[in-house]
Each structure stands twice: as C-alpha cells, then as structure tokens.
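Peer 1: Okay, here's the structure, questions in a sec.
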Amino acid sequence: MAVAVDAAFAGAAHIVARRIVNNRLIIHSIEPRAVIATPPDAEGRLAIYTNGQMPHRIRDKSAEILGLPVERLRCVIGDVGGAFGMKNMIYQETLAVLWAARRLGRPVRWPGSNGEGFVTDSQARDHVSDAALALDAEGRILGFRTVNRANLGAYATNMGALAPVAGIPASCGPYRIPAAHVEVRAVLTNTVRTDVFRGAGRPEATNLIERLMEAAAEELDIDRVELRRRNMIGPADLPHATPTGLVYDSGDFPATLDRAGEVADIAGFAARRAESEARGRLRGLGIVPYIEANGGAGIAEPTEIRVEPGGGVTVLSGMMANGQGHETAFAQIVADRFGLDPDEVEIVQGDTDRVKQGMGTAGSRSLVLDGGAMHLAMEKLVDLARPIASHLLEAAAADLAFEGGGFTIAGTDRRIAMREVFRAAHDPARLPPGQVPGLEAGAVFKPERPAHPNGCHVAEVEVDPDTGRVRVLRHSCVQDVGLVINPTIVEGQIHGGVAHGLGQALLEDARYDGDGQLLSGSLMDYCLPRAADMPDISINLEGTPCPSNPLGVKGAGESGAMPSPPAITVALLDALAPLGVRDIDMPATPQAVWRAIRDAAARRP
C-alpha cells in the first residue's frame, strides 16, 4: 500500500500537510480507584472488591501473577463511578493488597484519591502526527498518509500500545480514499504511562482526517461542506472496503451531513456571526462527520438467562457497567421480548462467582456483544418454553406461535403469557410428564464484523480577541447508532462524550517539564470542563440498523468523543481565519489563542 500511496502523492495536483498534536489527558472519573481484599476463607479462597471494568480479567490475571488457581479467587465489582478505559488494566495496588491479605490473614484496604490519581492512574492520548492528503485539481482525495508518534509513558501497560494501533482502521473517515498508509511509532518517555481512553485511537484518527479536510478546503478555496460531500461514501457504495481494512456496511453519510446542517441552522450562521462581530467578538463554525468501528468483532461473549419461580428472569452478564446504564437497557430488551415489566428482570454482573466468564465493558461493545448473546439465549428459552405452553394450552407445539410476549394457538384467540409459562416451569404439577422443574438457557455471540456508528457534529464558538477566551455556544449532533434501545441513555452518553471532547479541545493538558516532572498535578493546574463551560447540545438520533448483530445496534458509549474535539477546533480556526490564524494545537486555552492572534498580526505586512 505504501507504493500506491507514493504514486498518489506523486500524481497529486495539491498536497495538504500538517503536524497535528493530540494533547495528553489525565482521565478523571468521579470515583477514584480502590481495592479491598479479604484473606483466605476455610476453603482457601480470597476475594477482591474493587471498581474496575473487567472483573474476570482482574480475577484471571491476578491469580496468574500471584500463582493461584483461578477458582481460589473471587472478584466482586459493585456500582462504579466512571472508568472511561482507565480502570480496565491491572494496577500494582490490586496485586499488593491481595498479596498482603494472603500473607497477613487479615482484610487489607487501599483507598485511592483523586489527588494521587494524577500520577498513579493511566493517562491518555499524547500523539504527534505528521499527516498529509493528496488531492486532484477538483479536490478529490487520492491518498492519505501519516506518521503517528505515540507517547506510551515510562513503560507499556496492558493495552497502552492498542490506542495508537486501534486508530489505524478509522483513519479514512467516511471518505473514499483509494490509498492510505499509516505508520505508528511508540515512544517511551519519563512520564506516566498511557493507556486506552474513551475511543481508544479512533478520536485521534478522526481528528487527523478532519483537520486535514478543513485545511484542504481552505487551501483549495472549496466550501468545506462541498469538499466533504464530494469525497463522501454514498449509500449506493455500501458495502465499502477501506484501504485500512474496514468494510462499512450501513449508513447514509451524505444525508447525515445534510441533516446536521439543518439541525445546526447553518443557513442562519452568517446573521449570528454578524451579531457577534457587532459586539467585538469572532464567531466560527466547525462541521465534522465521522465513522468508527466498535462492538467487539471476533470476541465471544457468553450470557445466561434463568427463569425465576415468580415468573421473572435473571440475566447473568459478563459485562460491567460503570455508568452506561446496562441494567436499564438490558432489562428493557428482555422485558420487551417476554412481555415482562423491566423490574421483573434482574441483571447480574460484576461477581465472578455468579457469572463464570465475561469480557467486561470496553470499546462500546456491551450492547452489541451482550445484546446479541441475550437475543440468542432468549430464542433458546422460547424453544424450551414451547412444550410447557403446549401442555398448558392443550395444543400441539407446532400450532403455537410466539409473539407479543406470549404463545398463541394459530387461528384462535387462545393465548398464554410468557410470564405464566415461566411460573409453570417451576411447578411440577403444571409441567408435562417427565419434565424437570426450572428453565434456563445460555448462548455465546461472536460478531464477525464490527459495528459502524457514524454521524456529524457541528460546533459553533465565539472568541474574545482581546483575551483569547473561547466559548462553545452551540453543539449539534446527528448520530447513527443503529437501533436505539433507550434514547435517554444514548443522549446521556453523547453529552458525556461532548464534554470530554470540549475538555480536550479547549481546557485539558497534562504538562511535564524537561525532567519529566508533572506540572499539572492537581485540579489547581489541570482544568476540567465545568457546567458553565458546556454549550447547548442538540442531539438527533437517526440510525440505520447494523447488519452484523441480531439487534441491529451500534455502540454509542464513545461516539460523542470522536468528532467533538475537531469540530470545536475547526470552529475556532474558522473564527480566527479573518485574523490570519491558520492552525492551532489542542488545547486552545485563552493564552494559546491570544498568542496565535498576536503572532498572526506580527506576520502581516
């Protein structure tokens, strides 16, 4: 592919090149990390109580490192106050606490704090990329290439190298790019280690391609929306194979781009810009479409569903919610299928004694993987319940149809609700002769291909040229996340992703001095977004079903963090363009913006 890319650049009418910095972030969850370990019980089993993302990985890796049989260690995780990727690795404190509890024969507790988390918890991003686009005279992309230098910190972590590599497939965005070449160089430095964080490489890739698209529109003097539309993959092109190894299978990217323009009222932007100028302010607009890959392709996820005597069900899930609302969404799926109330569905997760295996939560894969496994397990339960319904209705099993949460006899109005069948499953007097009481089913779902959430964000910012202060006034999102189970949860996920994106674009930066000393080691020095920093966010969910999983869902947990940093950054550059500012690194703090304005003024004759 490198040869094809070289040929594309050699024959290009125009080449756009930029050095793009993706700033280092310190991951802040509301709840700091903490660990409690209990000593061996009468059977020689230890237990660990913590707040991670992957209970089975914590159990398995801890047992391996400590030389324990895995069945002698239990991991329990309760409600988790945020994780974002930072809590999916095995930290040394976990192992130290387990070792001490085993050695001392007493419970041992380690409570982390937000303060020490600045240097004990994994950090994120920190890439410097030299990227370029080759285009023909009409602005059509011929090739893309980049060299990404990823700072892994002082040593590699569980998945530290994953983030820069995971971004490679997403490098082409929703565009027709015939040839692409991505080189990743991992670098070790005297800094805190980095690991995956909300998006794990895909936000970095989105930022690269969209910053280049914006630069190309400026240098070629082509309307930014028109340039994107000219290069965009259309619905007739699907499935579309990218040169970076993905196959896009669903979506209507041009329609999403147009819809985002309507939602953001781009037509009225000129009037809003004039109003800002009348007050001595600069106003800018940023438009960023995106597509990503998630859902755990190639990962096998098991789920079990057990029917309870009262007619409700228990779902044993290997996922681990840390604020995403799994309990609500999973319960809705099962309740809707079986005609139950959601409160009749118990979702069990985070206990390796009750849930024997599971991959845990990461990479926006929970609903794709566990939803797919639940769907398959529910189909098995319907088949297992059919003989019971046949017995209760005194009808042949072949004459029964399952719909609307119950069985009906074809051609009649006779019906029995699934709740009643479930209750009968535990009553020997109501079961067919020879059937053992109880009803349960398990299934494993392993998607062959990833899901491809996509969308378009439009940010509108206002700049005070005297102080460099940037305010995001409006942020409009059109999102295709496939079938939406719970719109409120999805909107909340997108809100959170936009907050992360705004923080990276304007506020957050983990700074070190030349000796590797962290300079932004407290919230006095590291600025997180506050409520007052957040704009009015408009969210429109307009999904196309994903064909690679039975529910048609696409992961939504990280989607807000993909396009929001470049959308805000290019909106800022649009605002500063009249002053001659052509580029700016994240975070665009007031000082950085003020300096960019001053330097641009100094360059003018």
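Residue numbers (our numbering): 23 to 627. Note that CB positions come from ideal geometry on N, CA and C, so glycine has one too. Just so it is clear, the structure is predicted and the values come from calculations on it, not from any experiment.
Pick from THR228, ARG626, GLY477, GLY361: whose alpha carbon is nearest that of ARG441?
Peer 2: For the options THR228, ARG626, GLY477, GLY361, the alpha carbon positioned closest to that of ARG441 is the one of GLY361.
Peer 1: Could you check what DSSP says for CYS568 in three-state terms: helix, strand or coil?
Peer 2: coil
Peer 1: Please work out which residues of its chain come closer than 6 Å, Cβ to Cβ, to ASP274, disregarding the five sequence neighbours upstream and downstream, and give them in chain order.
Peer 2: PRO257
Peer 1: Would you decide whether THR264 is buried or exposed? Buried here means 16 or more other CB atoms lie within 10 Å of its CB.
Peer 2: buried
Peer 1: Roughly how many angstroms separate the alpha carbons of PRO54 and GLY543, rounded to a whole number?
Peer 2: 15 Å
Peer 1: Give a yes or no on whether the C-beta atoms belonging to ALA16 and MET556 are separated by under 8 Å.
Peer 2: Look at the range of the chain in this structure, 23 to 627, and you will see that residue 16 is not part of it.
Peer 1: List the whole-angstrom C-beta distance separating LEU68 from LEU120, where the pair is believed to meet the contact cut-off of C-beta under 8 Å.
Peer 2: 6 Å
Peer 1: Using 10 angstroms around the beta-carbon of VAL209, count the other beta-carbons present and answer buried if the total reaches 16, otherwise exposed.
Peer 2: exposed
Peer 1: Could you pull the DSSP bridge partners for VAL494 from this structure?
Peer 2: VAL483
Peer 1: For PHE106, which of GLY582, ALA277, VAL98 has the nearest alpha-carbon?
Peer 2: GLY582
Peer 1: With a threshold of 8 Å, are at least 3 pairs of Cβ atoms found where one atom belongs to the segment 136-151 and the other to the segment 77-84?
Peer 2: no
Peer 1: Which complete alpha helix (DSSP H) runs does the segment 215-266 hold, if anything under 4 residues is left out?
Peer 2: Runs of the alpha helix (DSSP H) inside the segment 215-266: 224-242, 246-253.
Peer 1: Assign CYS549 to one of three DSSP states: helix, strand, or coil.
Peer 2: CYS549: coil per DSSP, three-state reduction.
Peer 1: Looking at CYS478 and LEU230, is the spacing between their C-beta atoms short of 8 Å?
Peer 2: no
Peer 1: Please list the terminal residues of the continuous beta strand (DSSP E) segment that includes HIS36.
Peer 2: 36-48
Peer 1: Below 8 Å on the Cβ atoms is my guess for ASP373 versus VAL187; work out the distance and round it to an integer in Å.
Peer 2: Going by Cβ atoms, the distance from ASP373 to VAL187 rounds to 32 Å, so no, they are not a contact pair.
Peer 1: Give every residue of the same chain whose Cβ lies closer than 7 Å to the Cβ of CYS549, excluding the five residues on either side of it in the sequence, and list them in chain order.
Peer 2: LEU529, GLU530
Peer 1: Is DSSP giving GLU326 helix, strand or coil here?
Peer 2: strand
Peer 1: Take ALA201 and list the residues in its own chain whose beta-carbon comes closer than 8 Å to its own, dropping the five residues that flank it on each side.
Peer 2: Cβ within range, chain order: MET23, ALA26, VAL27, ALA29, ALA30, LEU164, GLY165, PHE166, PRO265.
Peer 1: Give the straight-line distance between the Cα atoms of PRO225 and VAL480, rounded to the nearest whole angstrom.
Peer 2: When rounded, the distance between both Cα atoms is 16 Å.
Peer 1: Is the separation between the beta-carbon of VAL169 and that of ASP152 shorter than 8 Å?
Peer 2: yes
Peer 1: Measure how close the beta-carbons of GLY305 and ARG294 come, nearest whole angstrom, since I'm counting them as under 8 Å.
Peer 2: The identity of residue 305 in the sequence shown is Arg, whereas the question assumes Gly. Rounded, the Cβ-Cβ distance is 6 Å, consistent with contact.
Peer 1: Taking DSSP as the reference, what is the three-state secondary structure of ASN476?
Peer 2: strand
Peer 1: Based on Cα-Cα distance, which residue from ASN344, ARG41, HIS474 lies nearest to MET584?
Peer 2: HIS474
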